[in-house]
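Contents: one structure, followed by commentary.
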């Protein structure tokens, strides 16, 4: 299960169109891949040149854009090749605002993806980080060749995608999952007859046979499809680059190949029909989750280009006439669609011009009706409630209104009024309403309205219960306040009880009472009841326990602000954010402290600390102070670094340090290679080349790693605790780079209590009698070998906390 504290590190505080995930379910798609690398002459299969372009230059007919690629050693990642993170996100936001989805594509023809069991969470965290940084709306699986079955890819990737989908579902978003396999990998594996014979006559060889069958490449994508069957959105097989491969068609009594231009319509129709129905040796993909993948032109693929547009149109029409309309088309790539051939002639968006009719150009976000306002109840009886509200408006006429009773029962009305019948007497019901226009667009639901039906004989059975709270307490008095009760008849009195007995002077409609002449240092319990004009009493309100003071009361201090974090860093400033504190003696102000020196107070986040030195490490704390002058304790110190000014004499700092996993006693980190400084457009070398990396963290020693290592796992940590890490790089002359960003990493759940009859190994940590112990010799526990009484088996665990950091960063 993903750790919310880890996810919180990645959460983008910027709310823009990229924060949304356009919902493309039920829509036709025209999907195009976008190149995340520069164009060079001769890259095309016919020596053409693709066009470099911004995402915002992609025509609106392409309503799904797949960014190619997420890849790399270890946990694969992504970085824009020619834009800052913020600029790339802005482009994604513009597409999202048009209702277009932008996916990150994992893999590619030359990508070596190697995922191993245990990396599921690390991969899920990285996908979430990329979504938060760049605004991606989903992930497309584009593993090819050996990467499809390499290591544990077939189990780790689906498991990670499930975690990501479930996470964004909690935010009310739909994370898109798609695939773009080469079509031969969609054949259902055929068992060889010889294997069946071996199983029959030599059953003891079954494990060997299973192993040999697993080595066959047929059906390599089927494990991904089966693992994600209930959640994937669509699959767009590549109908190209497969030469003479194809499908055997009994109806034609022939092998129809992908490269046969004369039978291109037949190839497109019968291969797609085979996938829809799971026939002709292919696995099954429902028509509404299937798109055909085609090359944009002859430069985009070695084979598979469709010369005659009518072959595609006729195949799609024949599928639709057979009751199997598919989802749409995919192409490699939008860059080639705008590219040039070897002679310099423009391809001029041929693919878009041919097939853009599928999406009709721009896919706009629907104009939704306004939310119905002023929902109220105009009449109540023992068995009915009459409701009314203000009419909604919108781009299209309102067809009807949908009401929800108790967030479940759906009720419909053609006008802005409704009488709900068949209800129970003296019962509270909750209602919400939304508008539906003639195009099927819906507004959001209104705020909920609670309505109480009358009692059996007319009128309400009981008023609502007041909510009691403490305003002030002294050594001999208690001041109480409560919320107003409601009823269909007038509220006449409130009755305050102390320790189960009504107080004398309480017959009033005031919602405040001072109880005097109390005994110091004594516990009291209070409740309040309401009585209406029909002499009906409310249920008892909440029980409030109060202790009088020994003298003047000492108000509670505000709680410590949590989630202090650095969100933006420049070479001379650090911007901080934190969670707001709620306190009865508000408003609360916040005092920021840098390296034990107060910086001043602010009323709310964010706070930007300016005038700092580049390439430096700073420690920040925060406390809250209420309107009475009472302050919380200072928060735990968090570290932040300013960015470095590139220098030709030392390496740049490592980039994008991030947490990729955690256990109770370890956290895993990953970072990216620093960009090489340049001068006059030329990359500098020697002093700027990285020879080693150095991991620093509070609570542990410095760890030195070689220049080819981009991951590290810190072990021997304490469960449920935050640790702070940063990384530096040195060149062969030991010149140190500036510091990387600081990561606040969290270990997972608390340690287990020591127990008897458990096998413990060296390094295991447990808690016992409130202390933490580490096992120093393996053993099976028994009653007289408990921590604290068996020094040869257990040692008290105390973390060594110190700041082992270079002087250059302090």
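Residue numbers (UniProt numbering): 1 to 810. Glycine residues also receive a C-beta, built at the ideal position from the N, C-alpha and C atoms.
Close-in-space but distant-in-sequence residues of the same chain around residue i (CB under 7 Å, 5 per side omitted)
i, result
"residue 148", "185, 220 and 221"
"residue 85", "133 and 134"
"residue 856", "With the chain covering only 1 through 810, there is no way to say anything about residue 856."
"residue 785", "779 and 793"
"residue 762", "775, 776, 777 and 778"
"residue 505", "A caution first: residue 505 carries a pLDDT of 46, below 50, which makes its placement in the model too unreliable to give a value."
"residue 533", "489, 490 and 492"
"residue 795", "773, 774 and 776"
Exposed unless 16 or more other CB atoms sit within 10 angstroms - verdict on residue i
i, result
"residue 861", "The requested residue 861 is not part of the displayed model; the chain covers only 1 to 810."
"residue 683", "For residue 683, the predicted structure reports a pLDDT of 48, less than 50, and the residue's modelled location is therefore unreliable. A value from the coordinates is still provided. Under this definition residue 683 is an exposed residue."
"residue 415", "exposed"
"residue 239", "buried"
"residue 362", "Residue confidence is low: residue 362 scores 39 on pLDDT, short of 50, so the model does not pin down where it sits. No coordinate-derived value is stated."
"residue 120", "buried"
"residue 58", "buried"
"residue 756", "exposed"
"residue 645", "exposed"
"residue 822", "Given a span of 1 to 810 for the chain in the structure shown, any question on residue 822 remains unanswerable."
"residue 681", "With a pLDDT of 47 at residue 681, under the threshold of 50, the modelled position of this residue cannot be trusted, and the question is left open."
"residue 713", "exposed"
"residue 758", "exposed"
"residue 744", "buried"
"residue 131", "buried"
"residue 172", "exposed"
"residue 553", "For residue 553, the predicted structure reports a pLDDT of 46, less than 50, and the residue's modelled location is therefore unreliable. A value from the coordinates is still provided. The residue in question, residue 553, is exposed, as its Cβ has fewer than 16 Cβ neighbours within 10 Å."
"residue 515", "buried"
Cβ shell of residue i (< 6 Å), same chain only, five flanking positions each side left out
i, result
"residue 359", "28, 30, 61 and 63"
"residue 315", "265, 268 and 269"
"residue 393", "370"
"residue 816", "The structure shown has nothing for residue 816, since the chain only spans 1 to 810."
"residue 753", "767"
"residue 5", "746"
"residue 383", "423"
"residue 588", "558, 581, 624 and 626"
"residue 430", "406, 448 and 450"
One or two residues paired with residue i in a DSSP bridge
i, result
"residue 324", "None, per the DSSP bridge assignment."
"residue 559", "Paired residue(s): none; residue 559 is not in a bridge."
"residue 598", "593"
"residue 376", "388"
"residue 449", "431"
"residue 502", "497"
"residue 468", "482"
"residue 442", "436"
"residue 622", "592"
"residue 775", "794"
"residue 694", "704 and 728"
"residue 330", "31 and 293"
"residue 96", "Per DSSP, none; premise fails for residue 96."
Contact check, residue i vs residue j, beta carbons under 8 Å
i, j, result
"residue 576", "residue 607", "yes"
"residue 380", "residue 404", "no"
"residue 691", "residue 707", "yes"
"residue 182", "residue 229", "no"
"residue 538", "residue 529", "yes"
"residue 261", "residue 307", "yes"
"residue 179", "residue 231", "no"
"residue 865", "residue 719", "This structure cannot settle anything about residue 865, because the visible part of the chain is limited to 1 through 810."
"residue 635", "residue 621", "yes"
"residue 573", "residue 595", "no"
"residue 797", "residue 333", "no"
"residue 737", "residue 674", "yes"
Neighbourhood of residue i by C-beta distance below 8 Å, restricted to the same chain and skipping five residues each side
i, result
"residue 323", "none"
"residue 354", "309 and 312"
"residue 511", "466, 481, 482, 483, 484 and 494"
"residue 731", "650, 651, 686, 687, 688, 689, 690 and 691"
Minimum Cβ-Cβ distance from residue i to chain C less than 8 Å
i, result
"residue 455", "Reference to chain C is not applicable here, since this structure consists of a single protein chain."
Heavy atom of the ligand ZN within 7 Å of residue i beta-carbon
i, result
"residue 103", "The model on display carries no ligand, and the ligand ZN is accordingly not part of it."
Please specify which runs of the beta strand (DSSP E), each continuous and at least 3 residues long, are wholly inside the stretch 28-87, giving them in chain order.
Taking only runs of at least 3 residues, the beta strand (DSSP E) segments lying wholly in the stretch 28-87 are 29-35 and 64-70.
For the stretch 257-323, which segments carrying the alpha helix (DSSP H) assignment without a break, of at least 4 residues, lie completely within its bounds, in sequence order?
Listed in chain order, the alpha helix (DSSP H) runs fully inside the stretch 257-323 are 264-277 and 309-321, counting runs of at least 4 residues.
Minimum length 3: unbroken beta strand (DSSP E) runs contained in the stretch 122-199
Whole beta strand (DSSP E) segments, 3+ residues: 138-143 and 176-179.
What are the start and end residues of each continuous beta strand (DSSP E) run of 3 or more residues lying completely inside the stretch 639-663, in chain order?
For the stretch 639-663, whole beta strand (DSSP E) runs of length 3 or above, ordered along the chain, are 655-662.
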